[in-house]
Every structure is written in structure tokens, then in C-alpha cells.
Amino acid sequence: MYKIYLLCLALTLLTLSVLNQQLSAQHPSFEQNIGFSIFNERNHPQLEWMSAETEHFIISYPKHLAGIEQEAAAIAEATYTALSANLNVTFDFKIRIFLSDEDEIVNGFAVPFWNSYTNIWVNLNDVAQAWSGPEKWLRTVLAHELAHIFHFEAVKSNLPLFGAVATGVSLPEPWTEGIAQYYTEPWHVLRGDQLLRTAIYDGRPDFRRNESIRDRGLMYASGNAQLRYFASAYGDSLIPKILAHRDTTFFGLARTHNFNNAFREVTGQSFRDFEDEWRRHMSIYYHTLAGQMERSDSLGVRPDTLAGLLISDVQYSPDGRKFTSIVLNSRSRPVTELSLHDHARRQNRRVIDRGSISGPVSWSPDSRYIAYSANVRGRYGALINDLYRIDTQTGRRERLTHTRRASAPQFGQDSNTLFFVGNDNGTGNIYRLNTETGQETKLTEYSGDVQIGRTAMNPDGTHLAYALFDSDGSRQIIVLDLESRTEMRFTTPFIDDRNPLWSPDGRWLAYTSMRDRVPNLFVRKAFETDSVEERVTALFTGGTALQWLPADSLHADGRFSMIATDSKSNNKVYRIDASRRAEEPDPQVNPTYTGWLTHQPPHVIPREIAPDESLITDRYAYNSWRNISHVSTIPFPFFADDQNYGAGFVSLWSEPLSRHMITAVGALSIPNFTDNSLFFLSYTNNQFRPSLSLNAYHNSFTGRFYERDFLITTNSGSFLLASLPRDWFDTPFIRTTLFGRLRYEYTNADRNWEGPAVRRLPEPESGWQSDVRLGVRIHKAVPYAWNVVHPLEGYGLEARVTIATDALGGETNYMRPDVKAFMILPGLGDARFYLYGRAILQNGESFGQDYIGFSRYDDIQFGDTLPGLDVLYTDTERVRGYSSWGDGYVTGNRMLFGTIEYRIPFLPSLQTQVLGLVSLGRTTIAAFMDGGAVWNDDLLPGDGVTRRLGTGFELKNELNIGGLRIAHNLGYAQPFNDFGTGRNEEIYYRIKAVIPF
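In mature numbering (1 follows the signal peptide of the UniProt record, and there is no 0), the protein residues as written are -20 to -1, 1 to 977.
If you want it as C-alpha cells, here you go:
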């Protein structure tokens, strides 16, 4: 029986993997997410959702966003008109659009399955800094995501899942993104030109090598450029022909799109040959351009020796003794760190915060405090920007705002006055904050779709400069008189000038401009709107100014601190003379190589699209039940033996807001329908604050190593699992979850068990059990590429109690408190100490197989399971070195257990791969010591106890099976008293996670 269930489980995992790969191919940012709540891990039941229909769309949005549906309707219908004409695609159903402003996440994703939809975060001030070009956010992202849906519809097979698999595997990732960008927006600086030219100049234009953290962004830029070049060189008419091409397979039953075959059939050449042609074309264009512009070595200074992979901000204190940096340190540890550098201290660099930190940092006039913004948890668990202040002398971190959606702080004339950008329903305005009283004062009165980027305070504290992204798409530098609240507008509106800086004497403004298709630095006199603009840099790969430093003996006008690079791998900080000037470049390039830059599709989506209420044909309250969509169903035959064969299925259903998710797995046995058939039905509800999972099953299974065999028990019943995330700690990377489980099930322990004649363990028992479990889990996990085998930091605590009772018809009565915790501490270099402890006791009687104590073998443990849910029996531990028959098993009613390991990275990879699906990755070697005690008494003094202490060495290796990464281990152990002798030696293999959860 368990073989059938294993087959169902494997197919369920395969289905989820295929769906994830397909969605990722259509939109790489998707990553297993099917709704807002799964992305941000919060349900937001306080939102009341509404829907509005147009001819081709159903737009759903929270009630407080009323009015946005008119904007979305106009953009969506204009996009539909253009894309359907460009790609020869129409739909026989209405595409669903979901808009939310609960989080400040600059993103959106498309789910291009058979009832397609897209989810988009809106009302974001961050787009002023994170995006380039005049297109407003909703116009850009909605058209982009709809293009993904049109693309998938154009290549869709007549067979749902299997056709999608065949199609998805063949789609080149850059073209998936390229189609979405080419048909919906012009060629831009960010996500486009700057990344591509840097990679080509660096001699490493291939993003597939995954040699830089920027390669993901380079994929977007490459796809965009490839589509533009292809359309300009081969004609727009060939693109829909490629997408419409189908191969016939499965005896003519399946018609699937294979991109490589389609490309060769339509163009007469392979896609690989086209990519080589495109790469040569880009190389000629960009190298011709590079020869007529500056490189970073022309700045005349050496870069600062600042460690890190990607530097986003550096700010020097007013007294010049300290500076802060915001740096992403490495690809393997993709964590942004805010560090304080103090030349007066022996320990020069000190990390003072980590997480989603945004620059620039602002220093108080007395050089004691810094202020910055970070994307953190706010009210209802929303991910929003708030302000923080750190005392650099004491290290004390203080949260200044709560759920304010605040960014770009600037100190005034004292450490208790901050000016910041507040995001109110998508409109950015300047505010003044008194940090002692918490009182805010609004200084600007912008309305509508207006955002504000970086800000800068002039030296005397009377004027604030900032980058304005206006509702018409123009971008300008604004100087605000803080007393009169009048504005002066500088720079040309649609050139995209940003990041203003003040000269130390307050007479000049510097800013970064995107006019060269890369950022470069310019200056002009402040307070003179007709002043002459002067160019400071003409860098081919661009440079962004961060700060205007005071004058010194060598630099009468001071220096600019700026970020520049000639490599896609990293960037560097340069401090250049502020009196430096560069000639205005006038690059001459053969027009043959520049046509792709401005080429447009035949039908262009307008840049500005006015809201149009007349497009809306119906309005009503959103009904989540009616929006449950079928994702996939996979039927399959099975044969276990001549008494057990038949047909099974795996079926998945979901709702776009993740309020309802359904998974069904079944296997129907033809010879013995009643006894051998099985099913598992899971329904997850995210309509309330906690997530609720209701599960019903028949002939499910669990198991554990038992005696000399593996015991499989089949289970029939149901359970309700509830989990509630809590934001108790204002610290990044910490998750806190309250959980509970109510279960009622029948366990059959006899079906697959033929025990040995000599037993060390109780006879497995069958019967009904009803139990309640309550607990809390606190877990800190910091991103690291090798967390599967060698996490560098983290800790966790889980406390739970399980109470079984006969009150609901069960046959067991017991109470079982269980507490376990772990911690990872630094060693030498990347070596780490790992500490783990557990205490568990039981009052009452459980089924024999559900015992507490020591096991002879390690039960399989994958780690990171859902809080409160155990797939296998988990209430034993093993002291390595005690696997002999007599010493292996110990049962009792109390157990204490602890482990200490010293883990050292050993090999980066074993360079082993089987069939392209199974590979052996990073390896760690560990010296360990396990110890524990099991009691079997009534808590009376002097009662008997079994104690064990074992030690040894272990190799931990990452096993990758089709993208599923698990830790497996090979070790040598002995009882501590026998270590170094030839007695009781044990060589073992186990599949066990390196941390318990």
C-alpha cells in the first residue's frame, strides 16, 4: 500500500515542480508564488475586495483603492488592443487582474495558466528611484504582465499540463522577458542599457554562466535587446509566426510549441546562430561607443578599498572621522548590510543593521546619529518602508515610524529633526518629523500619481532638494524653500535627472542624469533656474554620485563620492575632484548598428493613458469561491502487485489571492477497492488572520525505523492545522509562528508489519487517537547559498505540547510537552559550532510505536516542515555510536538530549552528476558529540536512568534531486568511553537536516 502512496506523493511533488518551472519560465520573479499572501506570508483579512469588469478583463482591488479600477481598465484595454494585433492572439475568457497596495513591493507576477491572471502591487513611491523612463508604474507593470499572459496564450498547447511542460522547457528565458518588454515599453537605462553595455564591455555578456549577481538582470536586458534587434533586422511579422508554430506529437494528439524548432522553421537558422549574430552586433555597437566616451580609469583616482560585491551607498560623517556603507557582500550570502566604518577604532568596520535597507543614509550635524529607511513589517504584517535612527556611539537602534511608508530621510539642523518622503496612497510628499514628539508636518501638497526619489539638505538647513517623478512622467530636480514652502524646478523634464547633492558651501547642485542611456554626473548653480549646466563625467558604463565632500588642501571645490564600474561583477567607490569637467560626448556610430535602440512594434501602447470609467461594464463584491481555478490534474496507472493495481490522480486548484487552495491525491484499487484505495484531500483557507488547513485522508501513512525494519502505519482520519505568524521581533530574518493542530484518526499498525521474534520495542498498536497540539516556533535563518549543509548563522526555539484524550473517542490518554532549540555560533573562518538541545516528557500512555527515547537509527528528517505538522514519527533522538542491537533502543517517559558539532567547509562540490537530475554538491566535515538521558519512572528520586555519550566525525553533503536539495550524511561514531579503541565502531549513513527546523 505504501508504494502507491509514495507514487502519489512523488507525482504531487513533480506537479508542483513542473508548475513552478513553467511559471518561472513565463515570469522569473514568480518563484512558487500564486497570490499576494503566499508572497508576503500574511493573509490581510481586513481588506474588502471589489471587482469591476470590462470587455476583456475582471479587475479586483481592495475597496479603499476605489478609482484605481478606472486607471487599470484603460491601460488593460489599450494593452489588449495592441498586443492582440501584434501577436495575433485573442482570448475566449476574461483575464483577471488583482491590484494591492498592502505591501511596498516593486513587483508583479503573471500566472499564465488556462484561466490566466496577474497580481500587481501598486501605490509605490520606490519606483521613483528603482525605475527609469517616463512611464508610470501601473502603465508599465500591468502592460508587462499582460504581455506574459498573451505570450503564453500564443504558444499554448492543446493538452494542458503535458503540453505546458513541453512548451515551457523549450522557451528561452530571455525571450520570455524580452517579449514582455519589447511590446510594452521603450529601451530604458535600468533593466536595459546600463547592464548590457557593462557586460559586453566586460567581455562576459552570457548571463547563463551565472557568474555575477547581476546576471539575472542581464537576462532581462539581453532578452529585451534581442527582441528589438530581431524585429528591426528580420521584421516584426516573424515574431507571431514563430509563436504560432506547432509540432505534432503523440500520434497527432498533441500540438505543442517548440521554440527552437519554430525559430529554425520560420527564420531558416538556429536560435544559437541568431544569438551569436546578435552578440556580434551588440559588441560592435557598444565598443564603438566605448571608444568615444570615458572609462573609470579616466577618473584619475584609484577606487576606495571598500569590501563588498555591490555597493549602493556610502556617506561620510560631517566631522570626516566615520562613514557608513550599504553593501551586498557576496553572491553566496545575498544579505544587504549597513556598516559603520570608524578610522579611530581598531575594528574599523562594524555591521550595525541588515535586511532590506535603502539609501542614502543621513548623518546628524553632530556626527553621532544616522537615519535611514528599511522595508520591514508594519501593521497587519505588511511589508512597508519605515525610518530608523542609530546612535553610532552606543549602537542603539530606534524605530522612528511605524507603518508610515517613509523613505529618504534627511537630518535638519539638529538630531531630533528629520525630513522624509511619505507615501500616502501612492502620492509622495515631503514631511518634517520631530523625533522627540513624533509630530509630523506636511511641507508639500502633491496629489495623484507623484513620487519622490532621493533628497538632499543644503548646508544651512533652509532648502531641501529632491528628485520629483511627476504625474505626467517628467522627472526634475526640485529645490524647496523650507520656510516659505515655495519650489524652484531645475533641469529638463524628460531627461531623467535624479539624486541631487549640495556643494559644501550651498552654492551648487550636483545630480545624476540618465541622458547618456547610463547615469553620469552634472552640476549647475543653485537658485538660478537658467544657470548653465556643466558635465562632470561622460563614463561609458556610467557613474552615480553619492555625496559632495568638503574642500581640503588638494581639492578647493571638494570631492564627489561616486559609484562606478567597468565590470558586471561588482562596483567601486571613487572620490573625484569636484572641479573636474568632461567634454560633451558626440559619439558617431554607423546607423546600421543603432536602429534597434528605437525600433517599435507595429502597434504601440501609449505612454500616457487616461482613466476611463466608461470601459467598466459591471461592478460587484469580489467572491473568492467563484475564482477558484483548476491548475492541473494528472491521471496515472499504478501496479503494486497482482492484488493491488488501478488508477490514480493528482489534482491542484487555487484562487488568485491564495484564499483557497485545494490539493487532491487518490489511487483507486480495482481488486480491493475498500482496503487498498487511498486518498488525501487538503484544503487551505487564508481568509482569516491564521492560515487554516483542513485535511482528510484514507490509507495515508507514516513511519519510522523500528526494530530491524521500517514500520509503516496507515492512517485514516482528518486534522485541522492552524498557523499564525507574529511580528514580535523588529529584527530581520526572524520568523515567529503560533500553531495548533486538532486531529482525529485511526492508525493501522498491523497491515505492513511482521515484527522479529526478539523485540526491544513495544508491539505496534492499532486504534483511534484524538489529540490537540499547541506550540510556538521562533526561527532565525539568514540567506546563504549553502544553508542546506552549512548554515553560517541562525537559531531556533520550538515549544509545543500534545494532549491526547479519549473524550472524542480516542483510545490514548497522555500529555507530551516538547521543547527543542538550536544555535549556530562562529568558529575560525567559515567554520561553525552547532548546538542542539531537546527536552521531552510524557504523562500517560501512547501507542507503542509512538514512543519517547533513543532510537537505533536516525529517522529521516528533511527540516523546515510546517510548524505543528509531523510527516513521520519524530519524538526520538539518536546518540551516534550506539547502533548495536542491545544498546540501540531505549524507551521511557522523559528524555534530555544534546548535540555539539564543529563544522568545517570541506569541498565546494563533488562534481558528480547522474542523468542531469541528481548531483552531489557542497560537503562539510564535522566533529561531534551527542549526549542524553532517558528516564522510565514516576519522577521519583533515585529511579533508574539510561545515559549515553557518543562522539565521532561526519561528512555532510548536499544531494540535489531534480532541484530538491537535501542533506545526507556519512559518519563514523563510537561511545565516548570507547573512542580511540577498536570497540563498538559504527559507520552509518543517514538523511537528516543539519538544523531541526
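Ideal placement from N, C-alpha and C gives every residue a C-beta, glycine not left out.
Counting Cβ pairs closer than 8 Å, one from the segment 846 to 863 and one from the segment 939 to 947, do we hit at least three?
no
Name the DSSP beta bridge partners of SER680, please?
Sequence index remark: in the sequence shown, residue 680 carries index 700 (1-based). According to DSSP, SER680 bridges with ASN695.
By Cβ distance below 6 Å, which residues in the same chain neighbour residue 1008 in space, the five residues on each side in sequence not counted?
Outside the shown range of the chain (-20 to 977) lies residue 1008, about which nothing can therefore be said.
According to DSSP, simplified to helix, strand and coil, what is HIS382?
Start at 1 with the first residue of the sequence shown, and residue 382 comes out as number 402. Three-state DSSP puts HIS382 in coil, outside helix and strand.
Going along the chain, which residues of its own chain have a beta-carbon closer than 7 Å to the beta-carbon of SER263, five neighbours each way excluded?
For this step, residue 263 is matched to residue 283 along the sequence shown. Its chain contains ILE180 as the residues whose beta carbon lies nearer than 7 Å to that of SER263, once the 5 sequence neighbours on both sides are disregarded; these appear in chain order.
Is it true that the segment 806 to 818 meets the segment 873 to 892, where meeting means three or more beta-carbon pairs spaced less than 8 Å apart?
Verdict: yes, contact present.
If contacts are defined as beta-carbon pairs under 8 Å, then GLY790 and SER750 qualify, I think. What distance do you get, rounded to the angstrom?
Taking the first residue of the sequence shown as position 1, residue 790 is located at position 810. Taking the first residue of the sequence shown as position 1, residue 750 is located at position 770. SER750 and GLY790 do touch by the CB rule: their CB atoms are close to 4 Å apart, below 8 Å.
Would you mind stating whether residue 985 and ASP182 have Cβ atoms separated by less than 9 Å?
Past the boundaries of the shown model lies residue 985; the chain is included only from -20 to 977, so the question cannot be answered.
Can the beta-carbon of residue 979 be found less than 9 Å from the beta-carbon of ARG970?
Examination of residue 979 is not possible in this model, given that the chain is present from -20 through 977 alone.
For my contact list, LEU170 and SER202 are in at a C-beta cut-off of 8 Å; report their separation, rounded to the angstrom.
Stepping through the sequence shown from its first residue, residue 170 is reached at position 190. Stepping through the sequence shown from its first residue, residue 202 is reached at position 222. The Cβ separation is near 15 Å, so there is no contact.
How far does the beta strand (DSSP E) with PRO340 in it extend, from its first residue to its last?
Sequence index remark: in the sequence shown, residue 340 carries index 360 (1-based). Its beta strand (DSSP E) spans residues 337 to 343.
CA nearest to the CA of TYR539, picked from SER533, LEU890, ILE556, LYS552:
Locating residue 539 in the sequence shown gives position 559, counting from the first residue. The amino acid occupying residue 539 in the given sequence is Arg; Tyr does not appear at that position. With distances taken between Cα atoms, ARG539 lies closest to ILE556.
PRO220, enclosing alpha helix (DSSP H) - first and last residue
If you number the sequence shown from 1, residue 220 lands on position 240. Here the alpha helix (DSSP H) through PRO220 covers 218 to 224.
For TYR816, which residues from the same chain have a beta carbon less than 6 Å from its beta carbon, with the 5 sequence-adjacent residues on both sides left out?
Position 836 of the sequence shown, counted from the first residue, corresponds to residue 816. Within the same chain, TYR816 has close Cβ partners PHE802, THR879.
Unbroken stretches of the beta strand (DSSP E), 3 residues or longer, contained in the segment 900 to 971:
925 to 941, 944 to 955, 966 to 971
Nearest-angstrom Cα distance between residue 1057 and THR931?
No information on residue 1057 is available, as it lies outside the stretch -20 to 977 that the chain covers here.
Could you give the uninterrupted runs of the beta strand (DSSP E) lying entirely in the segment 681 to 762, keeping only those of 3 residues or more?
Listed in chain order, the complete beta strand (DSSP E) runs (minimum 3 residues) inside the segment 681 to 762 are 689 to 706, 714 to 728, 747 to 761.
So, residue 1051 versus LYS800, is the Cβ gap smaller than 9 Å?
Because the chain spans -20 through 977 in this model, residue 1051 falls outside it and cannot be assessed.
Measuring CA to CA, which of LYS552, LEU122, MET437, GLU84 is closest to ASN105?
One-based indexing of the sequence shown puts residue 105 at position 125. Taking only the C-alpha atoms, the option nearest ASN105 is GLU84.
Sort ASN238, VAL246, ARG753, HIS168 by Cα distance to ARG208 and report the nearest one.
For the purposes of this step, residue 208 is taken as residue 228 along the sequence shown, with counting starting at 1. Among ASN238, VAL246, ARG753, HIS168, the Cα nearest to that of ARG208 is on HIS168.
Counting only the same chain and skipping the five closest in sequence on each side, list residues whose C-beta sits under 6 Å from that of ASN964.
By 1-based counting over the sequence shown, the position of residue 964 is 984. Result list for ASN964: GLN954, PRO955, ASP958, in chain order.
Determine the DSSP secondary structure at LEU45, reduced to helix, strand or coil.
Residue mapping note: residue 45 aligns to position 65 of the sequence shown, counting from 1. Helix, per DSSP.
I need the DSSP call for PHE977, collapsed to helix, strand or coil.
Numbered from its first residue, the sequence shown carries residue 977 at position 997. When secondary structure is reduced to three states using DSSP, PHE977 falls in the coil class, being assigned neither helix nor strand.
In chain order, what residues of the same chain lie with their CB nearer than 7 Å to the CB of ARG927, ignoring the 5 residues before and after it?
Looking up residue 927 in the sequence shown gives position 947. These residues qualify, in order along the chain: ALA913.
Within 9 Å (strictly less), CB to CB, does LEU808 reach chain C?
The displayed structure is made up of one protein chain only, and chain C is not part of it.
Secondary structure, alpha helix (DSSP H): runs of 4+ residues fully inside the segment 267 to 336:
none
Taking the C-alpha atoms as reference points, what is the distance between GLY15 and PRO636?
The sequence position of residue 15 within the sequence shown is 35, counting from 1. The sequence position of residue 636 within the sequence shown is 656, counting from 1. Rounded to the nearest angstrom, the two C-alpha atoms are 5 Å apart.
What does the Cβ neighbour count give for GLN26, buried or exposed, with the cut at 16 atoms within 10 Å?
Your numbering for residue 26 matches position 46 in the sequence shown. Burial call: exposed.
Three or more C-beta pairs closer than 8 Å, one from the segment 63 to 80 and one from the segment 33 to 48: is that the case here?
yes
Where do the ends of the alpha helix (DSSP H) carrying ASN204 lie?
By 1-based counting over the sequence shown, the position of residue 204 is 224. Start and end: 195 to 214.
Can you have a look at LYS116 and say buried or exposed, based on whether 16 or more other CB atoms are within 10 angstroms of its CB?
Start at 1 with the first residue of the sequence shown, and residue 116 comes out as number 136. LYS116 comes out buried.
Where the alpha helix (DSSP H) through TYR181 begins and ends
Counted from its first residue, the sequence shown places residue 181 at position 201. Run containing TYR181: 174 to 181, per the alpha helix (DSSP H) assignment.
ASN405 - DSSP class collapsed to helix/strand/coil:
One-based indexing of the sequence shown puts residue 405 at position 425. Here ASN405 sits in coil by DSSP.
Exposed or buried, what is SER427 when buried is set at 16 or more other beta-carbons lying within 10 Å of its beta-carbon?
Taking the sequence shown and counting its residues from 1, the one referred to as residue 427 is at position 447. SER427 comes out exposed.
Hey, how far is the Cα of GLU191 from the Cα of SER292?
Reading the sequence shown from its first residue, position 211 is the one you call residue 191. Reading the sequence shown from its first residue, position 312 is the one you call residue 292. For GLU191 and SER292, the distance between alpha carbons rounds to 20 Å.
For the pair the segment 555 to 573 and the segment 514 to 521, tell me if three or more CB-CB distances fall below 8 Å.
yes
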